[in-house]
Amino acid sequence: MRDTGIDAYRCLLMFGICLLHAIVQGGHNVPWAANMLSWCVTGFAFISGWFGIRFSVGKVLKLYGISLYCATMFVMFDMFVSGGGGNFLITIYKMATSQWYLNAYVVVMCIAPIINLASDRITVKELFPLLLCAFGWSFATTLPYVGGRVPHAHGLEAYSFLTLLGAYVAARTLRMLDNNGKLNFLQGHNAWILMGACLCLMMSALGLNDFNSPFSLLLAGGFLLLMRNLKMPHWLGHAFAWLGPSMFSVYLLHSHEHAWKYLKVVQDWSLSIGMPLGIAYLVTAMTVFLVCILADVPRRIFAAGTGRFFKTIVH
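Throughout the sequence shown, residue numbering follows the working numbering, covering 158 to 472 in sequence.
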């Protein structure tokens, strides 16, 4: 049985990522607003940790297949709109294989079975050091007065598998606590969780945040607890359930340097007709969100069709 609250959470997180990119890459960056949204990247990985990842070669190939589809669709769109240029096959290859989140996620997929086994057999006190080790230098670089004194090693910054690994371990820890009934005291106290999340957002706005910061972990976990088992109308739950499988494609389609120019075009147009900057951010994010969902529809139709085809052959 699907948890429509988690489906909604996944969609809201991806819209938050689109909004983050609209703010940072649209040409009119407001740093405090971007800081308040950076945790959405962590939150997206946090969901994987909550449910757990089961590694398989087929899943890895599927992820890169989706990435290849998204790269191809974007390059075709870019060539149609602006004429493109250069060797489009090389562009597609680089775009499909250079996404930091995708590559980092695949690394976590390889490590996940070990973490899953550990989370089933050890206590939270034993698992917590693993959470700290998962961040390494990248955790320390987000802390005030510490970041400037900690050496930055390539591959250990926020844009690395350590960020996703830390979120994964934290989510497994939270799930362990939930399974053991240690979170029962939070039931009926959603207002306190929301107040804590708002406090973390305020600290994030001050710049004490990144994908791999403790505030990102607290926000990801707090909002997941608020959203799970969320009651909503059936039609809305079905809508989020339908949108969910396209969220990773939304990320892959727009989260690269080739797409930033289009974010700037939409944002500049919004401002040119008199929209306030905040509304321009929302219009840009919503445009990206909807266009990417539409671009993913052919892939999903093809995947559903080939799935039925192979089932017919097997039976």
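Just so it is clear, CB atoms sit at the ideal spot from N, CA and C, and this is done for glycine as well.
Within 10 Å of its beta-carbon, does residue i have 16 or more other beta-carbons around it, so buried, or fewer, so exposed?
i	result
ARG211	exposed
VAL238	exposed
LEU194	buried
ASN192	buried
LEU451	exposed
SER213	exposed
GLY392	It should be noted that the sequence gives Trp, not Gly, for residue 392. By the 10 Å Cβ count, TRP392 comes out exposed.
SER429	exposed
ASP453	buried
LEU274	exposed
PHE172	buried
PHE203	buried
LEU246	exposed
Could you pull out every residue in the same chain whose Cβ sits closer than 7 angstroms to the Cβ of residue i, ignoring the five residues on either side in sequence?
i	result
SER205	TYR325
HIS311	Annotation note: pLDDT 43 at HIS311 (below 50); position unreliable, no value reported.
VAL263	VAL217, LEU220
ALA348	none
ILE272	TYR325, VAL326, ARG329
ALA228	ILE249, MET252, ALA253
GLY379	ILE350, GLY353, ALA354
Which class does residue i belong to by DSSP, given the choice of helix, strand or coil?
i	result
MET432	coil
PRO308	Because the pLDDT at PRO308 is just 46, under 50, the model does not fix this residue reliably, and the value given afterwards should be weighed accordingly. Three-state result, PRO308: coil.
HIS413	coil
SER403	helix
GLN256	coil
ILE210	coil
ARG476	Coverage of the chain is limited to positions 158 through 472, which leaves residue 476 absent and any answer about it impossible.
SER373	helix
MET193	coil
SER276	helix
VAL187	coil
LYS262	First, the residue type needs correcting, since residue 262 is Tyr and not Lys in the sequence shown. Note: TYR262 maps to helix in three-state DSSP.
GLN424	helix
PHE368	coil
GLY338	coil
Do you know whose CA, among the options, lies nearest residue i's CA?
i	options	result
TRP257	THR229, ASP235, LEU220	LEU220
LEU322	HIS346, ASN260, HIS413, ALA354	ASN260
PRO188	ASP367, ALA461, HIS411	ASP367
HIS411	ASP235, TRP207, ARG385	ASP235
PRO455	LEU409, MET230, MET389, GLY173	MET230
PHE208	LEU434, ARG385, ALA461, VAL422	ARG385
ILE174	PHE405, HIS395, ASP425	PHE405
ASN336	ASP277, HIS346, GLY378	ASP277
CYS168	LEU381, ILE458, PRO433, TYR419	LEU381
Counting only the same chain and skipping the five closest in sequence on each side, list residues whose C-beta sits under 6 angstroms from that of residue i.
i	result
CYS357	PHE372, LEU375, LEU376
TRP495	Coverage of the chain is limited to positions 158 through 472, which leaves residue 495 absent and any answer about it impossible.
LEU170	CYS197, GLY200, PHE201
ALA461	none
Residues in its own chain within less than 8 angstroms of residue i by CB, not counting five upstream and five downstream?
i	result
SER427	ILE436, ALA437, VAL440, THR441
Legend entry - the segment 249-269 contacting the segment 218-231, beta-carbon criterion three pairs below 8 angstroms: Yes, the segment 249-269 touches the segment 218-231.
Inset, instruction - Would you check if the segment 169-183 and the segment 347-362 touch, i.e. whether three or more CB-CB distances between them fall below 8 angstroms? - result: No, because fewer than three Cβ pairs between the segment 347-362 and the segment 169-183 fall closer than 8 angstroms, the two stretches do not touch.
Inset, instruction - Flag this pair as touching only if the segment 264-274 and the segment 443-463 have three or more C-beta atom pairs under 8 angstroms; answer yes or no. - result: Pairwise C-beta distances place the segment 264-274 out of contact with the segment 443-463, as fewer than three of them are shorter than 8 angstroms.
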